[in-house]
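Asker: Under this note's numbering, the sequence shown has 156 at position 156, and the numbering climbs by one with no breaks. The following block contains the structure, expressed as structure tokens.
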Amino acid sequence: TTLPRVHVAISGIEKIVPTLEDVATLMRLLPRSATGQSISNYVDVLTGVKGLGEFHGAEHMYFIVVDAGRSAVLGSELKEALRCIRCGACMNHCPVYQNIGGHSYGWVYPGPIGSILTPSYIGIENALDLPQAATMCNQCGVVCPVKIPLPDLLRKLREQQFERGLRPWTERFGLRAWSWLAAHAGLYALATRIGARMLSWMGGPERLLHKLPLAGGWTEGRDMPAPEGHTFRDLYARKARK
Numbered sequence: 001t002t003l004p005r006v007h008v009a010i011s012g013i014e015k016i017v018p019t020l021e022d023v024a025t026l027m028r029l030l031p032r033s034a035t036g037q038s039i040s041n042y043v044d045v046l047t048g049v050k051g052l053g054e055f056h057g058a059e060h061m062y063f064i065v066v067d068a069g070r071s072a073v074l075g076s077e078l079k080e081a082l083r084c085i086r087c088g089a090c091m092n093h094c095p096v097y098q099n100i101g102g103h104s105y106g107w108v109y110p111g112p113i114g115s116i117l118t119p120s121y122i123g124i125e126n127a128l129d130l131p132q133a134a135t136m137c138n139q140c141g142v143v144c145p146v147k148i149p150l151p152d153l154l155r156k157l158r159e160q161q162f163e164r165g166l167r168p169w170t171e172r173f174g175l176r177a178w179s180w181l182a183a184h185a186g187l188y189a190l191a192t193r194i195g196a197r198m199l200s201w202m203g204g205p206e207r208l209l210h211k212l213p214l215a216g217g218w219t220e221g222r223d224m225p226a227p228e229g230h231t232f233r234d235l236y237a238r239k240a241r242k
């Protein structure tokens, strides 16, 4: 960056900060959250073209500021995602990213933040699976140095998909059924006990779990471990009695 005679800088509008003091704050956050360093080797401070009598620096500098949908995000309920400083901390702690890798996200930004930014920039209908690529464990939200509430934003995107009918009807029906069942504690306890015992039987010697309806995505390429046969509530109550 310091050698060319003509220096061209390209940046999204969300990367612009008002003062050098703000830059210093970000430079303390970024390398520590990204690599655990005080500062990285890839930091240059350019204050303009070289002056008279100076031997180093660019003769011409051009700044290209990119919007590409960012202004629309700024006015939406997902605006907090624009605080991202690209440190990668959320990716380092995301169990989904660790198992599927960055290329699986299909666009520029991987990881939990990519599952928010990509639908925001290219349209949620063009990135249907990304908001689902999260376990909601909140590790990304805990480690984010700029305190982006990543699980909350992912949940908002899921709600938008549901409200606009972008998810399969089977999924929407299943979520509505689960919501109704979860609101009735007695029925929920009975249904989960029956389900746990049935899944335990299906995961026995016959290995029938792969024949479960609507479960092909989970069992097509791997075996699902057989459940223990009891719900967590039953196991907890049994341990409490002991």
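The C-beta atom is built at its ideal place from N, Cα and C for all residues, glycine as well.
Along the chain, where does the alpha helix (DSSP H) containing Tyr-109 start, and where does it finish?
Answerer: Your numbering for residue 109 matches position 109 in the sequence shown. First-last for Tyr-109: undefined, no H or E at that position.
Asker: So Val-65 and Ile-13 are supposed to be a Cβ contact under 8 Å. How far apart are they, rounded?
Answerer: Within the sequence shown, numbered from 1, the residue matching residue 65 stands at position 65. Within the sequence shown, numbered from 1, the residue matching residue 13 stands at position 13. Contact flag correct, Cβ pair sits at about 5 Å.
Asker: I need the straight-line Cα distance from Gly-114 to Glu-159, nearest angstrom please.
Answerer: Taking the sequence shown and counting its residues from 1, one reaches residue 114 at position 114. Taking the sequence shown and counting its residues from 1, one reaches residue 159 at position 159. Between Gly-114 and Glu-159, the C-alpha separation is close to 17 Å.
Asker: Would you tell me roughly how many angstroms separate the C-alpha atoms of Ile-148 and Gln-132, rounded to the nearest one?
Answerer: The residue given as residue 148 occupies position 148 in the sequence shown. The residue given as residue 132 occupies position 132 in the sequence shown. Cα to Cα, Ile-148 sits roughly 18 Å from Gln-132.
Asker: Terminal residues of the continuous alpha helix (DSSP H) containing Ile-10?
Answerer: Residue mapping note: residue 10 aligns to position 10 of the sequence shown, counting from 1. Careful: Ile-10 lies outside any alpha helix (DSSP H), inside the beta strand (DSSP E) at 6–12.
Asker: Which of the three DSSP states, helix, strand or coil, is assigned to Met-27?
Answerer: Within the sequence shown, the letter at position 27 stands for residue 27. In the structure shown, Met-27 sits in a helix (DSSP, three-state: H, G or I).
Asker: Ordered along the chain, which non-local residues of its own chain (more than five positions away) have a Cβ less than 7 Å from that of Gly-242?
Answerer: Against the sequence shown, residue 242 aligns to sequence position 242. It is Lys, not Gly, that sits at residue 242 in the sequence shown. Taken in chain order, the list of residues that qualify is empty.
Asker: In this structure, does DSSP put His-103 in helix, strand or coil?
Answerer: Reading the sequence shown from its first residue, position 103 is the one you call residue 103. His-103 falls in the helix class under three-state DSSP.
Asker: Just the Cα atoms here: how many angstroms apart are Gly-36 and Pro-18?
Answerer: Stepping through the sequence shown from its first residue, residue 36 is reached at position 36. Stepping through the sequence shown from its first residue, residue 18 is reached at position 18. Cα to Cα, the separation comes out at about 26 Å.
Asker: Output the distance between the C-alpha atoms of His-60 and Val-45, rounded to the nearest integer angstrom.
Answerer: If you number the sequence shown from 1, residue 60 lands on position 60. If you number the sequence shown from 1, residue 45 lands on position 45. One C-alpha to the other measures close to 16 Å.
Asker: Within this structure, are the beta carbons of Ala-81 and Leu-117 separated by less than 8 Å?
Answerer: Looking up residue 81 in the sequence shown gives position 81. Looking up residue 117 in the sequence shown gives position 117. Going by C-beta atoms, Ala-81 is nearer than 8 Å to Leu-117.
Asker: Using the C-alpha atoms, what's the distance from Ile-194 back to Gly-88?
Answerer: Taking the sequence shown and counting its residues from 1, one reaches residue 88 at position 88. Taking the sequence shown and counting its residues from 1, one reaches residue 194 at position 194. Approximately 42 Å, taken between the alpha carbons.
Asker: With DSSP run on the structure shown, which of helix, strand or coil describes Val-143?
Answerer: Start at 1 with the first residue of the sequence shown, and residue 143 comes out as number 143. Three-state result, Val-143: helix.
Asker: Keeping to the same chain, check which residues put their C-beta closer than 6 Å to that of Trp-107; ignore five residues upstream and five downstream.
Answerer: By 1-based counting over the sequence shown, the position of residue 107 is 107. Cβ within range, chain order: Thr-118.
Asker: Pull up the distance between the alpha-carbon of Cys-137 and that of Met-91, whole angstroms please.
Answerer: Mapped onto the sequence shown, residue 137 falls at position 137. Mapped onto the sequence shown, residue 91 falls at position 91. C-alpha separation (whole angstroms): 13 Å.
Asker: Could you have a look at Ile-124 and say whether DSSP puts it in helix, strand or coil?
Answerer: Here residue 124 corresponds to residue number 124 of the sequence shown, with the count starting at 1. Ile-124: helix per DSSP, three-state reduction.
Asker: Tell me the DSSP bridge mates of Met-61?
Answerer: By one-based count along the sequence shown, residue 61 stands at place 61. Met-61 is bridged to His-7.
Asker: How about His-93 and Val-143: are their beta carbons less than 8 Å apart?
Answerer: Counting from one through the sequence shown, the residue named residue 93 turns up at place 93. Counting from one through the sequence shown, the residue named residue 143 turns up at place 143. Yes, Cβ-Cβ distance for His-93 and Val-143 is below 8 Å.
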